[in-house]
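The block underneath contains the structure these notes are about, expressed in C-alpha cells.
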Amino acid sequence: MTLSKEDGWVKYLLIGVAIVFLSLILFIPALNVFVQAFEKGIGPFFHNLTRPDFLHAIKLTVLIALIVVPVNTVFGLCAAWVIARNQFRGRAFLISLLDVPFAVSPVVAGLMVVLLYGRNGWFGPFLQEHDIKIVFAMPAMVLASAFITLPFVAREVIPVLEEAGSDQEEAAKILGAGDWQIFWRVTLPSIRWGLMYGVILTNARTMGEFGAISVVSGNIIGKTQTLPLFVEQAYKQYETEAAFSAAVLLAFLAVVTLVLKEILERRTQIKEVD
Amino acid sequence: MAVSTLPTSTRPRQQNPFRWLTRISLPWQVTIGYLSFMLFLPVAALLLKASTEKPEDFIRIATEPIALSAYEVTFTTALIAALIDGFFGVLIAWILVRYTFPFRRIIDAAIDLPFALPTSVAGLTLATVYSDTGWLGAPLSHLGIKVAFTRLGVGIAMVFISLPFVVRTVQPVLAEMEKEFEESAWSLGASRWQTFWRVILPPLFPAILTGVALGFSRAVGEYGSVVIVAANVPFQDLIASVLVIRQLEQYEYAGATVIGTVLLVISLIILIGINLLQAWGRRYDVK
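In the order they appear, the protein sequences are chains A and B.
Going by this note's numbering, the first sequence opens with residue 1, and the numbers climb by one from there.
Going by this note's numbering, the second sequence opens with residue 1001, and the numbers climb by one from there.
What follows is the structure in C-alpha cells.
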C-alpha cells in the first residue's frame, strides 16, 4: 500500500535525523570520554589512580556525599510527608520553593554561601572569633552541595507517597502502632523505590557538583579539590590524560546512576500492574 | 513520623512565642528548620547584601558594559539552545514514543545522560571533541567553523545540558495522547501536515513550552560545561555565571553580589513562569 510505504519513509527519516543530532550532541562526546581515558590501555588510568592528589580528590568527593546524602534524605522524607499528607495554605508555594535550588545557578548558590559564612559575611566575624573555617574548607562544600541537591528526594517521594494513600497508615494507627512503627513498617516499604531513586539522584549530583563547589572550595589541591574540580584543573594544565582518568570515573558513576534509574523505573511499573 | 500527635494538653499556655514549634510534629520541624537554614538564610544574605548598595550604584554595576554583554551572551545563547532543543526534543520524544527500532530502550535511557554526567566532564569532552583536532571539530574547522573556545561552543554545551528537559516533559504527554484523534483527522481527509499542526501539536504545546522554559532556565544558570568549552573572553563568549566567579576571584564582592542578584531574580521569575505554564498545561485535567 502506498500509505504504509510513505509512513515507513517518514519514519526512517525522522529516526535518522534524531540519531544524527543525538550522535553529534550526546553519543560521540560520551563515547569520547571512554576512548580518551583508555586510549593507551588501562595502564595510564591505573597510574593516575595512584597519584596522591587524585586519591585525595576521590576521598573528599565520597566524604562529602556521605554527609550530604543522608542529611538531604531525612529532610526530603520530612518535606515529602508534610506536602503529601497535609492540606494547608501555602502548600503550592512550598512545592515551588523546593524548586528554587534547581532554578538558581550553582554559581549563585556558591556565592550565597560565601556571603553568609565568608570573611565579610554575616557569620564571618563570629566564625573568625571562634576559629571555625567554613569557606575554602569542607563545611562550605557540604553546604553548597546540600543546597543544590535539596529537592531531589522530596521531588521523587511526593508522588509515590500521594499514590500510596494514607489508608494503611491509618489502619496501623488504629491497630495501635506507634508513629515510628508506622513509618518503618508501613510508609517506608511503600515508598522505597521512589526514595531510592531520589537518593541515587542526590548522590550523583553531589559527587558531580562543580559550579557551586568551585566558588566555595578555593580549589586547593590535595585539600579542597573534588573529582569534578580535578577534571577542570588537570585539563587547564594540559594534563589531558589525568583529566580523562578522573572524567571516566565520574562518567562511570553517571552510567551506573542511569542503569539503577532504569531498574527502579521498571520496578515501580511492575508494582503499578499489581 | 506518619501521623502527627494531636496536642492534648489543657495546661495553661506558656507565653513563649515559639511554643507552636514544639506542638507541630517532627517532620514539620525538620522541614521548616532545614528550609530556613539552607534556603531562606542564604537567599536573604544575598538580597540584603545587594540592598546595602545604593540604588544608583546597584544599577551602575548591574549595567556595566561587561555585565550587559555577559547577559546578552548568556540569554541569547541559552534561548537559541533551548529552541534547538525544543525542535529536536519533540522529534526525539516522537520517535521514542511512536516508533520501534533497534536500541530504542538504550537511546531512551541515554537521554538522561546530561542530567547524570557531571558538568565538568561534559565540558571536558565537548571541548575535546569540538576542538580543532577533535573528532567533530577537525572536519568542522576544515569548513572554517570553529566551535570550541567560541560562542558556538557555549551554545553546544547549553544544547547538551538542556536536552533532557524538553524530551522528558514532552514524552509522557505524547504517550498519553489518544491515537484516535489523529486517525479520525486522517480519515476525514486531513493531510499529514494538517494532522500534525492542527491535531497533534496543540495539546503538546504547553508541554513543549514548559520543556523549553526548563531547558532555558538550566542553560542560563549553567557554569561547569561552559567555562571549560568557552574561552571566557569578555564581550565575546563570557557568560554571566563566569563573570560572577571572576568578580569573586578579584575580591569584587559588590560586583559579584549585584550580578548574582540579577541572575537570582531572573531565575525566580523564570521559575514562576514555568509554574504558570504547568498550571496552564493542566487546565483540562480531571481532578
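We put the CB at the ideal spot given by N, CA and C, even for glycine.
Between the alpha carbons of residue 28 of chain A and residue 19 of chain A, how many angstroms are there, rounded?
Residue 28 of chain A and residue 19 of chain A: Cα-Cα distance of roughly 11 Å.
What would DSSP say about residue 1057 of chain B, mapped onto helix, strand or coil?
Look at residue 1057 of chain B here: in three-state DSSP terms it is helix.
Which first and last residues belong to the alpha helix (DSSP H) in which residue 1246 of chain B is found?
1240-1249
Suppose you measure from the CA of residue 215 of chain A to the CA of residue 130 of chain A; what does that come to, to the nearest Å?
23 Å
How far does the alpha helix (DSSP H) with residue 145 of chain A in it extend, from its first residue to its last?
138-148
Secondary structure at residue 1102 of chain B, three-state DSSP: helix, strand or coil?
Coil at residue 1102 of chain B, not helix or strand.
Whose C-beta lies closer than 8 Å to the C-beta of residue 62 of chain A among residues of the same chain, with five residues either side of it excluded?
207
Candidates B:1069, B:1035, B:1040 and B:1211: closest to residue 956 of chain B by CA position
Because chain B here runs from 1001 to 1287, residue 956 of chain B falls outside it and cannot be looked at.
Provide the residue span of the alpha helix (DSSP H) that contains residue 115 of chain A, from first to last.
106-117
Suppose you measure from the CA of residue 12 of chain A to the CA of residue 237 of chain A; what does that come to, to the nearest Å?
45 Å
Could you have a look at residue 36 of chain A and say whether DSSP puts it in helix, strand or coil?
helix
Which residue comes first and which comes last in the alpha helix (DSSP H) that contains residue 1236 of chain B?
Residue 1236 of chain B -> no alpha helix (DSSP H), and no H or E assigned at all.
Assumed close pair residue 148 of chain A, residue 209 of chain A - CB separation to whole angstroms, cut-off 8 Å
6 Å
Alpha helix (DSSP H) runs wholly inside the segment 155-223 of chain A, at least 4 long, in chain order
167-174, 179-182, 188-208 and 211-217
Return the residue from the list B:1273, B:1038 and B:1128 that minimises the CA-CA distance to residue 954 of chain B.
This structure cannot settle anything about residue 954 of chain B, because the visible part of chain B is limited to 1001 through 1287.
What residue range does the alpha helix (DSSP H) around residue 1158 of chain B cover?
1151-1176
Contact between the segment 140-156 of chain A and the segment 92-102 of chain A: three or more CB pairs below 8 Å?
yes
Cβ-Cβ distance between residue 25 of chain A and residue 1090 of chain B below 8 Å:
no
Between residue 226 of chain A and residue 57 of chain A, what straight-line distance do the alpha-carbon atoms span, to the nearest angstrom?
4 Å
Using the Cα positions of residue 1154 of chain B and residue 1071 of chain B, report the straight-line distance between them to the nearest angstrom.
Roughly 13 Å between the two C-alpha positions.
Distance cutoff 8 Å, beta carbons only. Does residue 54 of chain A sit that close to anything in chain B?
Chain B contact via Cβ: absent.
Give the DSSP-derived three-state secondary structure of residue 1273 of chain B in the structure shown.
helix
Since residue 1049 of chain B meets chain A, which of its residues come closer than 8 Å, beta carbon to beta carbon?
The answer, in chain order, is 115.
Which residue wins for smallest C-alpha separation from residue 198 of chain A, given the options A:33, A:77 and A:123?
Residue A:77 is the option with its Cα nearest to residue 198 of chain A.
First and last residue of the uninterrupted alpha helix (DSSP H) at residue 1131 of chain B:
Note, residue 1131 of chain B: premise wrong, no alpha helix (DSSP H); not H, not E.
Along the segment 1112-1124 of chain B, what residues have a CB closer than 9 Å to any CB found in chain A?
1112, 1113, 1114, 1115, 1116, 1117, 1118, 1119, 1120, 1121, 1122, 1123 and 1124
Counting only Cβ pairs nearer than 7 Å, list the residues of chain A close to residue 1260 of chain B.
108 and 111
Taking all protein chains shown into account, do 16 or more other C-beta atoms lie within 10 angstroms of the C-beta of residue 72 of chain A, making it buried, or fewer, making it exposed?
Taking all protein chains in view, the Cβ of residue 72 of chain A is crowded by 16 or more other Cβ atoms within 10 Å, so the residue is classified as buried.
Taking a contact to mean a Cβ-Cβ separation below 8 Å, would you say residue 1118 of chain B touches residue 228 of chain A in this structure?
yes
Kindly list the residues whose CB is nearer than 8 Å to the CB of residue 173 of chain A, restricted to its own chain and excluding five residues on each side of it in sequence; keep chain order.
Within the same chain, residue 173 of chain A has close Cβ partners 182.
Cβ-based burial, residue 1063 of chain B [other Cβ within 10 Å; buried from 16]
Flag for residue 1063 of chain B reads exposed.
At 4 residues or longer, and completely inside the segment 221-255 of chain A: list those alpha helix (DSSP H) runs for me, N to C.
If we require 4 residues or more, the alpha helix (DSSP H) runs fully inside the segment 221-255 of chain A come out as 227-236.
With a threshold of 16 other CB atoms inside 10 Å of the CB of residue 1171 of chain B, please say whether the residue is buried or exposed.
buried
Between the Cα of residue 101 of chain A and those of A:185, A:144, A:245 and A:221, spot the shortest distance and give me the residue it belongs to.
With respect to the C-alpha of residue 101 of chain A, the residue from A:185, A:144, A:245 and A:221 having the closest C-alpha is A:144.
What does residue 105 of chain A reach in chain B if we use C-beta pairs closer than 9 Å?
1220, 1221, 1222, 1223, 1240, 1241, 1244, 1260, 1263, 1264 and 1267
Ordered along the chain, which non-local residues of its own chain (more than five positions away) have a Cβ less than 8 Å from that of residue 1182 of chain B?
1195, 1199 and 1200
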